[in-house]
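Our numbering applies: residue -2 is where the sequence shown begins, and numbers increase by one. Glycine included, every Cβ here is placed at the ideal spot set by N, Cα and C.
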Amino acid sequence: MEDLKTFLIQKVLLFESDTLASETEKVLQNVRRDRTNVPVIHVTYNSSSIIAGSDKTLSAIKSYIADNQPSSEVVTVGCAGPANYEPLVCIQMPGKNRLFFRNITEEKVEPLLNGVFHSDINEDDLLGQSGEKGFGLWPGIPFMNELPFFALQKRVVLNNCGCYDPESIEEYIARGGYRTFVKTIRHYTFEEVCDIIERSGLRGRSGGGYPTGVKWKQALTTPSNSRYLICNAKESDPGSFSDRAILESDPHRLIEGMAISAYAIGASNAVLYLKSDCNHALERFRKALDMARDFGIIGHNIYSSGYNLDISVKVEPGAFVCGEETALINSLEGKRGMPQLKPPYPTASGLSGKPTVINNVETLMNVPLIMQNGPEWFRGFGTEKSPGTKILAITGRGRMSGVVEVEMGTTIRTVLEDIVDGIRDGKDFKAVQLGGASGTFIAEEDIDTPIEFEAMREKGIVMGAGGFVVIDDSSCMVDLVRYYMEFIRRESCGKCIPCREGTGRMLEILESVIKKPANEESGTTLERFKGVMQLETISQVMKDTSLCGLGQTAPNPFMSALRNFREEFEEHIFDRKCRANVCRGLRTFTINVEKCTGCTVCAGKCPVNAIYGTRLQPFFIVEDKCIGCGICYDVCKFSAVIVK
């Protein structure tokens, strides 16, 4: 491998021409496995696939190969996108297109490989094929980019994910990696790199979409003897996991993006600020860092350019608020993660009082591509004011889930109906929740809104980190709002009164709405209604006076839910009714005496002894004692328990 390392450095990274020699290209084709003389099996190995059992699948494949096809090669790759299909296995036979198979669990390995190796393919789990000109087609099998999940995507940032071994720097370089960084530090000044990024129109892919090039210039022009770059990989919103998928699937491009960005602002130190409990992502990134140091891509006087760079990793302490810029900096400095007043902004006074640029993972992943292809290329897709793409993490009640990448300007409806393929289990669409815990509920009337900063801001929609939660009619919007408010209250740092007290009061009011009052006096309903009306006032005060973005955006779920689903709030308040039968405190359980056989199972399982009766005779439920847990409904074999 030392010979290959020297070859890649001398003939690829330091090669000045954009066109590599034909002999070099042949070597790179072998490293990329573009053309292979032996079967190659790619197995997805990331957090979602491991949960689905890919570790057992991988072990079964290696065992089969050792016994039956010892010349074959097994490669682990990152996330390909669709989480529904994990574990995903790709098989490339010599001279043929690659075949992709979904949900290949341990017991499916042997029949799958037997079929492929003997040209008797079982199409039950077959997804499609992919390949380039010159490879043999598999007749009658669709191409992967023709599948609805992929057809409308624009995979720019994710184009390497699921395609190569993320623990192989050689393969990343063979795919063109790190050449852009080496070219940048040898041929561009700091200012020129900032100008290119500014002309591209790249905007921060989390939060308000601030122009990246402008932010870099602010840090670069601030007088200082040192500067810092921080990659914020702390995505802790419920329903967001795209950063983790990128770190596990293409860590080298993130390192390259961080390296170019650090160079652009004149920083010699960069930090990856990673969410806790991302052990697989942490391990892969650290391995990638070690490889980059071994190749001289990180270190002192990189390739005689005079530029020094060190990249380190910091795992956050587990607090949601540390995703905010100033709280993140406090955490890195060993202080309690609490927000600070701005200005000064981090670009003027950040880590250790030095100019600091903080960008998220998706933003930095775009940087090498822009430097390689030019700002006009980047402006060639997306919209005029929001060029490029946006990565979305799809979860919830849709037919498909996973990580997708779409052009800016793609409508929410297109993602929901075409890529996600609508709602599963025959349910009806209710809403999409975009932007995480402080995000917005988007109802039917707004799902034609394009995914781009200006259009979404006009609608009061927060894009956030791109969490895209699909909600169907079996969900209760009041209960969802309560869940998010409980999350935000728990994660509030408590520094400022509006957030600390406001989230607590909002949660208290919402919890009173989702359960029956202690007494049914005439004034109780009015008090509950007045409480909900207070929520709007509290929300506005929190937006106007909270110290950081956490408190300022905390009321978003409530405000958007009240605007779009006001009738559900009114039903909870006035009718004591939850149309989705989710709110336990509002559920009423009764027993149909004609169906009840007196088997006593429900009475034995009731946690509060609210069910009485005589064996072999109909039982009944004492409503005043019932807590609405629904255990009786779940255990009754005769459908005698009725929920209202």
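Endpoints, alpha helix (DSSP H) assigned at aspartate 307: For the purposes of this step, residue 307 is taken as residue 310 along the sequence shown, with counting starting at 1. Counting along the chain, aspartate 307 falls outside any alpha helix (DSSP H), though it belongs to the beta strand (DSSP E) covering 307 to 312.
Is the beta carbon of threonine 587 less than 8 Å from the beta carbon of isoleucine 628? Walking along the sequence shown from the start, residue 587 turns up at place 590. Walking along the sequence shown from the start, residue 628 turns up at place 631. Going by C-beta atoms, threonine 587 is not nearer than 8 Å to isoleucine 628.
With DSSP as the reference, please indicate the residues paired to valine 72 in a beta bridge. What you label residue 72 is simply residue 75 of the sequence shown in a count that begins at 1. Answer is His39, bridged to valine 72.
For threonine 386: DSSP bridge partner residues: Taking the first residue of the sequence shown as position 1, residue 386 is located at position 389. Threonine 386 is bridged to Glu404.
Start and end residues, beta strand (DSSP E) containing phenylalanine 465: As a working note, residue 465 is residue 468 in the sequence shown. First-last of the beta strand (DSSP E) with phenylalanine 465: 464 to 469.
Keeping to the same chain, check which residues put their C-beta closer than 7 Å to that of valine 638; ignore five residues upstream and five downstream. Along the sequence shown, one-based indexing puts residue 638 at 641. Around valine 638: Phe586, Ile588, Cys599, Cys629, Tyr630.
Excluding the 5 residues preceding and the 5 following cysteine 633 in the sequence, name in chain order all residues of the same chain whose CB lies nearer than 6 Å to its CB. The count along the sequence shown starts at 1 and reaches residue 633 at position 636. Within its own chain, the residues whose Cβ lies closer than 6 Å to the Cβ of cysteine 633, once the five positions on either side in sequence are excluded, are Cys599, listed in chain order.
In this structure, does DSSP put isoleucine 416 in helix, strand or coil? Within the sequence shown, numbered from 1, the residue matching residue 416 stands at position 419. Note: isoleucine 416 maps to helix in three-state DSSP.
Relative to the C-alpha of glutamate 442, which residue among Gly461, Ser557, Phe465 is closest? Sequence index remark: in the sequence shown, residue 442 carries index 445 (1-based). Closest by alpha carbon: Ser557.
Residue from Ala551, Ser44, Ile257 with nearest C-alpha to isoleucine 299: Against the sequence shown, residue 299 aligns to sequence position 302. Measuring from the Cα of isoleucine 299, the nearest candidate turns out to be Ile257.
Cβ-Cβ separation, leucine 226 to alanine 267 (assumed contact under 8 Å), whole Å: As a position in the sequence shown, residue 267 is number 270, starting the count at 1. As a position in the sequence shown, residue 226 is number 229, starting the count at 1. Contact holds; Cβ gap of about 4 Å.
Starting from the C-beta of serine 471, find all residues in its chain whose C-beta is less than 7 Å away, skip the five residues before and the five after it, and write them out in chain order. Within the sequence shown, residue 471 is the residue found at index 474, counting from 1. Excluding sequence neighbours, serine 471 sits near Lys424, Ala577.
Buried versus exposed call for glutamate 245 [16 or more other C-beta atoms within 10 Å across all chains shown]: Here the question's residue 245 lines up with position 248 in the sequence shown. Glutamate 245 is buried by the Cβ-count criterion.
Contact check, glutamine 430 vs valine 478, beta carbons under 8 Å: Within the sequence shown, the letter at position 433 stands for residue 430. Within the sequence shown, the letter at position 481 stands for residue 478. Result no, Cβ atoms of glutamine 430 and valine 478 do not sit closer than 8 Å.
Report the start-end ranges of each beta strand (DSSP E) in the stretch 425 to 496 that is 3 residues or longer and not cut off at the edges. With a minimum length of 3 residues, the continuous beta strand (DSSP E) runs that stay inside the stretch 425 to 496 are 426 to 431, 437 to 439, 464 to 469.
Closest to glutamate 104 by CA distance: which of Leu134, Ala77, Ser60, Lys93 is it? What you label residue 104 is simply residue 107 of the sequence shown in a count that begins at 1. Checked all of Leu134, Ala77, Ser60, Lys93; the closest Cα to glutamate 104 is Ser60.
Alpha carbon of threonine 392 to alpha carbon of asparagine 157, nearest angstrom: Within the sequence shown, residue 392 is the residue found at index 395, counting from 1. Within the sequence shown, residue 157 is the residue found at index 160, counting from 1. Rounded to whole angstroms, threonine 392 to asparagine 157 spans 22 Å at the Cα level.
Would glycine 548 pass as a contact of proline 495 if the rule is Cβ separation under 8 Å? Residue numbering aside, residue 548 sits at position 551 when the sequence shown is read from its first letter. Residue numbering aside, residue 495 sits at position 498 when the sequence shown is read from its first letter. Less than 8 Å separates the beta-carbon of glycine 548 from that of proline 495.
Could you tell me whether the Cβ atoms of glycine 125 and phenylalanine 97 are closer together than 8 Å? Against the sequence shown, residue 125 aligns to sequence position 128. Against the sequence shown, residue 97 aligns to sequence position 100. Yes, Cβ-Cβ distance for glycine 125 and phenylalanine 97 is below 8 Å.
Quick one, are the C-beta atoms of threonine 209 and tyrosine 260 less than 8 Å apart? The sequence position of residue 209 within the sequence shown is 212, counting from 1. The sequence position of residue 260 within the sequence shown is 263, counting from 1. Not in contact: threonine 209 and tyrosine 260 (Cβ atoms no closer than 8 Å).
First and last residue of the alpha helix (DSSP H) that includes cysteine 629? Position 632 of the sequence shown holds residue 629. 628 to 632 is the extent of the alpha helix (DSSP H) around cysteine 629.
With DSSP run on the structure shown, which of helix, strand or coil describes proline 604? Counting from 1 along the sequence shown, the entry for residue 604 is found at position 607. Three-state result, proline 604: coil.
Tell me whether serine 309 is buried or exposed, calling it buried when 16 or more other Cβ atoms sit within 10 Å of its Cβ. Along the sequence shown, read from residue 1 onward, the residue named residue 309 stands at position 312. When all chains shown are included, serine 309 counts as exposed.
Out of Ile624, Glu620, Cys623, Gly595, state which residue places its alpha-carbon closest to the alpha-carbon of glycine 610. For the purposes of this step, residue 610 is taken as the residue at position 613 of the sequence shown. Among Ile624, Glu620, Cys623, Gly595, the Cα nearest to that of glycine 610 belongs to Gly595.
I need the DSSP call for alanine 637, collapsed to helix, strand or coil. Residue numbering aside, residue 637 sits at position 640 when the sequence shown is read from its first letter. The answer is coil: DSSP assigns alanine 637 none of H, G, I, E or B.
From this set, Asp415, Glu620, Phe12, which residue's C-alpha is nearest phenylalanine 147's C-alpha? As a working mapping, residue 147 is identified with position 150 in the sequence shown. For the residues Asp415, Glu620, Phe12, the minimum Cα distance to phenylalanine 147 belongs to Asp415.
Could you tell me which residues DSSP puts in a beta bridge with threonine 353? Numbered from 1 along the sequence shown, position 356 holds the residue referred to as residue 353. BP columns for threonine 353 point to Tyr225.
Cα separation between arginine 502 and threonine 542? As a working note, residue 502 is residue 505 in the sequence shown. As a working note, residue 542 is residue 545 in the sequence shown. So the alpha carbons of these two residues sit roughly 16 Å apart.
May I ask you to report which of helix, strand or coil DSSP gives glutamine 126? In the sequence shown, residue 126 corresponds to position 129, counting from 1. Strand.
Shortest alpha-carbon distance to arginine 200 belongs to which of Ala264, Thr386, Ser56? Stepping through the sequence shown from its first residue, residue 200 is reached at position 203. Among Ala264, Thr386, Ser56, the Cα nearest to that of arginine 200 belongs to Thr386.
How should glutamine 89 be labelled, buried or exposed, when 16 other C-beta atoms within 10 angstroms of its C-beta is the threshold for buried? What you label residue 89 is simply residue 92 of the sequence shown in a count that begins at 1. Counting the other Cβ atoms within 10 Å of the Cβ of glutamine 89 gives 16 or more, which makes it buried.
Buried or exposed by the 16-neighbour rule on C-beta atoms within 10 Å, applied to threonine 437: For the purposes of this step, residue 437 is identified with residue 440 of the sequence shown, where counting begins at 1. It counts as buried.
With 16 as the cutoff for other CB atoms within 10 Å, does glycine 303 come out buried or exposed? Counted from its first residue, the sequence shown places residue 303 at position 306. By the neighbour-count criterion, in which a residue is buried when 16 or more other Cβ atoms sit within 10 angstroms of its Cβ, glycine 303 is exposed.
In chain order, what residues of the same chain lie with their CB nearer than 8 Å to the CB of glutamate 533, ignoring the 5 residues before and after it? One-based indexing of the sequence shown puts residue 533 at position 536. Same-chain partners within the cutoff: Met556, Leu559.
Just how far apart, CA to CA, sit leucine 25 and glycine 463? If you number the sequence shown from 1, residue 25 lands on position 28. If you number the sequence shown from 1, residue 463 lands on position 466. Straight-line Cα distance between these residues: approximately 35 Å.
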